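First the structure, in the form of structure tokens, and then the observations on it.
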Amino acid sequence: MTHQGLPAPIRQVFRHPYHGRLVVITPYYLPAVRCTPDHRVFATSDPAVPPSLVEARSLTPEHYLAVPKPLPRSGVASLDVAALLDGTTRTFRVPRKLTPAEVEAIMTATGEGRTSREIGAGFGKDPSYIRHVQSRVRRGLWVYEQVRGLVVEGEHVRFHMERRPGIPRVLPLDKPLVRLLGYYCAEGCVVRSRNRPNSRVVVLTFGPTEAARAEEVRGLFAEVFGLQPHVVRRKTSIAVTIGKSSLALVLATLCGERAETKRVPPVLLEADPSVVEAFLDAFVAGDGHVYRNGKVSLTTVSEDLAYGVAWLALRLGYLPSVYPSRLPEEKVIEGRTVRQAATQYTVVWYREPIRRRVLETDTHFLIPIRALGEEPFEGWVYNLEVEGAHSYLANFVAVGNCQNYLTSQALRDPVAGTPPQDVTPEDVIALARRYKARILTSTYNEPLITSEWAVEVFRAAKPQGFVCSYVSNGNATPEVLDYIRPWVDLYKVDLKGFDDKHYRKLGGVLQVVLDSIRRIQAMGFWLEIVTLVVPGFNDSDEELGDIARFLVSVSPEIPWHVTAFHQDYKMTDRENTQARTLLRAAEIGVAAGLRYVYAGNLPGRVGPYENTYCPGCRALLIERVGYTILQYNLLPGGACPKCRTPIPGRWD
Numbered sequence: 005m006t007h008q009g010l011p012a013p014i015r016q017v018f019r020h021p022y023h024g025r026l027v028v029i030t031p032y033y034l035p036a037v038r039c040t041p042d043h044r045v046f047a048t049s050d051p052a053v054p055p056s057l058v059e060a061r062s063l064t065p066e067h068y069l070a071v072p073k074p075l076p077r078s079g080v081a082s083l084d085v086a087a088l089l090d091g092t093t094r095t096f097r098v099p100r101k102l103t104p105a106e107v108e109a110i111m112t113a114t115g116e117g118r119t120s121r122e123i124g125a126g127f128g129k130d131p132s133y134i135r136h137v138q139s140r141v142r143r144g145l146w147v148y149e150q151v152r153g154l155v156v157e158g159e160h161v162r163f164h165m166e167r168r169p170g171i172p173r174v175l176p177l178d179k180p181l182v183r184l185l186g187y188y189c190a191e192g193c194v195v196r197s198r199n200r201p202n203s204r205v206v207v208l209t210f211g212p213t214e215a216a217r218a219e220e221v222r223g224l225f226a227e228v229f230g231l232q233p234h235v236v237r238r239k240t241s242i243a244v245t246i247g248k249s250s251l252a253l254v255l256a257t258l259c260g261e262r263a264e265t266k267r268v269p270p271v272l273l274e275a276d277p278s279v280v281e282a283f284l285d286a287f288v289a290g291d292g293h294v295y296r297n298g299k300v301s302l303t304t305v306s307e308d309l310a311y312g313v314a315w316l317a318l319r320l321g322y323l324p325s326v327y328p329s330r331l332p333e334e335k336v337i338e339g340r341t342v343r344q345a346a347t348q349y350t351v352v353w354y355r356e357p358i359r360r361r362v363l364e365t366d367t368h369f370l371i372p373i374r375a376l377g378e379e380p381f382e383g384w385v386y387n388l389e390v391e392g393a394h395s396y397l398a399n400f401v402a403v404g405n406c407q408n409y410l411t412s413q414a415l416r417d418p419v420a421g422t423p424p425q426d427v428t429p430e431d432v433i434a435l436a437r438r439y440k441a442r443i444l445t446s447t448y449n450e451p452l453i454t455s456e457w458a459v460e461v462f463r464a465a466k467p468q469g470f471v472c473s474y475v476s477n478g479n480a481t482p483e484v485l486d487y488i489r490p491w492v493d494l495y496k497v498d499l500k501g502f503d504d505k506h507y508r509k510l511g512g513v514l515q516v517v518l519d520s521i522r523r524i525q526a527m528g529f530w531l532e533i534v535t536l537v538v539p540g541f542n543d544s545d546e547e548l549g550d551i552a553r554f555l556v557s558v559s560p561e562i563p564w565h566v567t568a569f570h571q572d573y574k575m576t577d578r579e580n581t582q583a584r585t586l587l588r589a590a591e592i593g594v595a596a597g598l599r600y601v602y603a604g605n606l607p608g609r610v611g612p613y614e615n616t617y618c619p620g621c622r623a624l625l626i627e628r629v630g631y632t633i634l635q636y637n638l639l640p641g642g643a644c645p646k647c648r649t650p651i652p653g654r655w656d
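Per my numbering, residue 5 is the first one in the sequence shown, and the count goes up by one each step.
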């Protein structure tokens with residue numbers, strides 16, 4: 005959710021190594037937030053003034069942190085059980101009269117030329133049976149286990165060997181279902197049989213005085229799933245149990261199998277408020293407490309469940325508090341010593357207004373800061389890139405970050421909140437070493453217009469082992485390329501299209517950029533080209549083909565990246581680029597003869613076009629998802645390990 009209380013897709017998750025001080029922001033009622041000093045937080049020191057972005061290092065005890073109130077929106081109306089369990093399989097044993105060792109002996113004898121009669125005599129089997137075994141082994145059909153998926157039968161689903169009629173294929177997301185899910189999250193678990201790997205039993209355990217709740221749960225199972233569980237009275241509890249694998253897998257997939265892995269069903273995070281309230285009522289009835297003053301309190305050992313429940317409370321307009329606490333590793337119950345989870349989470353909210361330090365506006369809860377501090381840190385720090393507002397919640401506190409927006413608009417848009425700072429080349433190099441970077445890049449804004457500054461930095465950096473690069477619009481003169489050539493290793497050009505009229509609208513001339521691309525390649529820079537594919541601007545087959553054919557005429561080994569456009573900032577009049585458009589553009593590049601074509605900005609959705617393949621034998625050389633390298637198979641110096649074809653590039 006953004007600082008505006010709206011949902012927004014996460015585009016990327018970033019991490020980078022960090023060594024330095026973290027700011028520790030401890031608000032009232034919420035867990036502490038730890039961040040780098042330059043990370044920006046939505047805050048205000050005057051409740052009459054809307055929250056705005058403040059660097060963490062600049063926060064004071066007079067500031068209030070902003071927790072947005074989620075805006076109401078319609079949720080899903082049903083739960084597709086078949087889709088939920090799609091891909092879930094179970095493994096079954098296949099009874100055989102022969103052991104694996106006996107089958108291996110039969111196939112060995114077959115390979116030695118012995119007849120089926122001779123082999124059968126040795127095993128006491130008919131020759132026809134031996135031939136049957138030989139045939140099935142050769143066809144890969146002689147197995148001792150079979151894997152089966154979900155069986156859909158009309159309006160019900162079940163697993164192979166499970167008793168009919170199964171469970172409903174689609175369930176309405178109504179109050180009976182979510183009350184059952186609430187009770188399960190509070191009191192339930194799934195128990196697996198040691199001797200029967202496909203057998204699962206759902207168990208909900210209540211206190212000895214909670215017979216009415218146990219009966220309610222029994223009735224909910226009958227109403228929602230058409231199943232009749234058992235109610236078992238024990239010495240210290242009442243248990244509701246039912247053995248049904250499909251049901252158990254639905255509950256485990258939605259909510260988790262046991263206490264430590266419990267979570268709020270994702271389908272509830274955007275559900276109708278009345279449905280959310282029914283879930284919370286059941287959860288609190290099962291494992292919480294409501295005080296006379298309207299205070300609601302519950303505990304769980306699952307961090308995911310605690311924050312999920314807190315989010316649901318926030319959706320209903322309540323400000324939740326989350327309090328983690330440490331527990332001893334062991335405790336004594338009924339004279340027995342048992343192990344317990346190390347951390348317990350308490351979630352609290354108030355259904356009725358009470359006096360608290362919180363201030364409230366129409367759009368936000370304003371939370372005072374209890375304490376501010378710093379602590380040393382060395383390790384990974386993380387950030388998100390979020391569509392639209394470029395903000396998200398950290399422990400329910402609104403924070404903001406967008407790398408592209410900050411770096412491109414810092415000089416022209418005061419809202420960006422990042423005024424320029426004086427730095428020396430040595431400062432830049434020290435910062436690069438702090439983040440363990442190996443490449444220094446001049447970008448945002450156009451590096452060609454500040455080439456004197458870039459060369460000053462690169463002249464100091466290259467002798468220290470750094471690789472230096474430009475990310476540019478390609479509007480270069482021969483003189484500036486001669487000037488930067490000794491200091492720049494890599495050069496990326498944004499080729500924005502192949503229509504001169506469009507280029508002139510953007511303030512450039514197409515032919516100047518094309519001439520620069522030829523010149524950059526001829527001068528020995530490592531050159532890569534990026535084209536942001538914008539629907540209705542440059543996404544026609546003709547224009548993409550013209551770009552690809554031009555690049556082939558310069559060199560078929562130039563990597564071409566076709567990337568997805570996203571609506572942002574002041575350009576929201578175009579549709580976002582779809583994966584199918586990028587795939588079409590990439591295929592046009594390959595058909596034109598380019599050997600290295602990539603599709604970007606849609607990780608995991610563009611098939612092979614995130615990877616590098618050998619142009620000679622098509623072996624997978626580098627496998628990627630987004631910015632993450634999953635496999636790196638190149639030989640030292642950059643050659644295919646399979647056919648030894650040299651792969652152009654700059655390799656360690």
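Ideal Cβ placement from N, Cα and C applies to all residues, glycine included. The model shown is predicted, which means the values in this text are computed figures rather than measured ones.
For this session: Can you give me the Cβ contacts of residue 176 inside the same chain, cut-off strictly under 6 Å, excluding the 5 residues immediately before and after it?
Result: So the list reads 82, once near-sequence residues are dropped.
* Asked: Near residue 648, which residues of its chain fall below 8 Å by C-beta distance, leaving aside the five closest residues on each side in sequence?
  -> Excluding sequence positions up to five before and after residue 648, its CB lies within less than 8 Å of the CB of 639, all in the same chain and listed in chain order.
According to DSSP, is residue 491 part of a helix, a strand, or is it coil?
Here residue 491 carries a coil assignment [DSSP, helix/strand/coil].
Could you give the distance in angstroms between the alpha-carbon of residue 425 and the alpha-carbon of residue 517?
Using only the alpha carbons, I get a separation of about 31 Å.
Taking its Cβ as the centre, do 16 or more other Cβ atoms sit within 10 Å of residue 5, making it buried, or is it exposed? Residue 5 is buried by the Cβ-count criterion.
Distance cutoff 9 Å, beta carbons only. Does residue 281 sit that close to anything in chain C? Chain labels in this structure do not include chain C; a single protein chain is all it has.
Q. How many angstroms separate the CA atom of residue 226 from the CA atom of residue 160?
A. The alpha-carbon separation between residue 226 and residue 160 amounts to approximately 15 Å.
From the DSSP output, in three-state form, read off residue 163 for me.
In the three-state reduction of the DSSP assignment, residue 163 falls in the strand class, which pools E and B.
- Query: Does the beta-carbon of residue 1 have 16 or more other beta-carbons within 10 angstroms, so that it is buried, or is it exposed?
  - Reply: Shown here, the chain extends from 5 to 656; a query on residue 1 therefore has no answer.
Can you list, in chain order, the stretches of the beta strand (DSSP E) that have 3 or more residues and sit fully within the stretch 320 to 352? Fully enclosed beta strand (DSSP E) runs of 3 or longer: 325 to 330, 334 to 337, 340 to 343.
Pull the bridge partners of residue 443 from the DSSP assignment, please.
BP columns for residue 443 point to 471.
Name the DSSP beta bridge partners of residue 287, please? Answer by DSSP bridge pairing: none, since residue 287 is not bridged.
TODO: Using beta-carbon positions only, say whether residue 19 and residue 386 come within less than 9 Å of one another.
DONE: Yes; because the gap between Cβ atoms is below 9 Å, this pair is in contact.
- Query: Among 291, 63, 279, 310, which residue has its Cα nearest to the Cα of residue 268?
  - Reply: When each option's Cα is compared against that of residue 268, the closest is 310.
**Message:** On the DSSP letters alone, give me the boundaries of the beta strand (DSSP E) that residue 529 sits inside.
**Reply:** That residue, residue 529, is in no beta strand (DSSP E); it is neither H nor E in DSSP.
Worksheet entry | Beta-carbon contacts of residue 645 that lie in its chain and below 6 Å, excluding the five residues immediately before and after | Around residue 645: 637, 639.
Leaving out five residues before and five after residue 264 in sequence, what residues of the same chain have Cβ atoms less than 8 Å from its Cβ? Taking residue 264 as the centre and dropping the five residues before and after it, the same chain places the C-beta of 305, 306, 345 closer than 8 Å to its C-beta, in chain order.
Within 10 Å of its beta-carbon, does residue 419 have 16 or more other beta-carbons around it, so buried, or fewer, so exposed? Caution applies to residue 419, whose pLDDT of 47 falls short of 50 and renders its modelled position unreliable; the model cannot decide the point.
Sequence-distant residues of the same chain with beta carbon closer than 6 Å to residue 196, five excluded per side:
204.
ask   = In terms of alpha-carbon separation, which member of 561, 560, 579, 563 lies closest to residue 569?
value = Answer by Cα proximity: 579.
For this session: Determine the contact status of residue 216 and residue 291, defining contact as a CB-CB distance below 9 Å.
Result: Cβ atoms of residue 216 and residue 291: not closer than 9 Å.
Using C-beta distances below 7 Å, list every residue in its chain close to residue 35, excluding the 5 sequence neighbours before and after it, in chain order. Correct list, in chain order: 326, 328, 399.
Query - C-alpha gap between residue 435 and residue 443, whole angstroms - result: Using only the alpha carbons, I get a separation of about 12 Å.
Euclidean distance between Cα positions of residue 375 and residue 501: Roughly 53 Å between the two C-alpha positions.
### Message
Restricting to runs no shorter than 4 residues, where is the alpha helix (DSSP H) found entirely within the stretch 122 to 153?
### Response
The stretch 122 to 153 contains these whole alpha helix (DSSP H) runs: 131 to 142.
How about residue 355 and residue 294: are their beta carbons less than 9 Å apart? Yes; because the gap between Cβ atoms is below 9 Å, this pair is in contact.
Bridge partners for residue 26 per DSSP, in chain order?
As DSSP reads the structure, residue 26 sits in a beta bridge with 379.
Cβ contact (3+ pairs, closer than 8 Å) linking the stretch 454 to 467 and the stretch 507 to 515:
Output reads no: the stretch 507 to 515 does not touch the stretch 454 to 467.
Q: Indicate whether residue 602 and residue 655 have their beta-carbon atoms separated by less than 9 Å.
A: Not closer than 9 Å, so no.
Below 8 Å, can you find three or more Cβ-Cβ pairs linking the stretch 388 to 405 to the stretch 45 to 63? A contact exists between the stretch 388 to 405 and the stretch 45 to 63.
Can you tell which of 84, 92, 65, 8 has the C-alpha that lies nearest to the C-alpha of residue 56? Residue 56 has its Cα closest to that of 8, out of 84, 92, 65, 8.
Whole angstroms is fine: what's the gap from residue 392's alpha carbon to residue 534's?
In this structure, the straight-line span from the alpha carbon of residue 392 to that of residue 534 is close to 23 Å.
### Message
Cutting at 7 Å between CB atoms, please list the residues of its own chain near residue 170, excluding the five before and the five after it.
### Response
Excluding residues within five positions, the ones whose Cβ falls inside 7 Å are 157, 160, 161, 162, 250.
Exercise. For residue 506, name the three-state secondary structure that DSSP assigns.
Key: In this structure, DSSP gives residue 506 a helical state, which the three-state scheme calls helix.
Anticipated Cβ contact below 8 Å, residue 558 with residue 584, distance rounded = So it is not a contact: roughly 28 Å between Cβ atoms.
Original post:
Tell me which same chain residues have a C-beta within less than 6 Å of the C-beta of residue 619, skipping the five on either side of it?
Top reply: Listed in chain order, the non-local C-beta contacts of residue 619 below 6 Å within the same chain comprise 599, local neighbours out to five positions each way being set aside.
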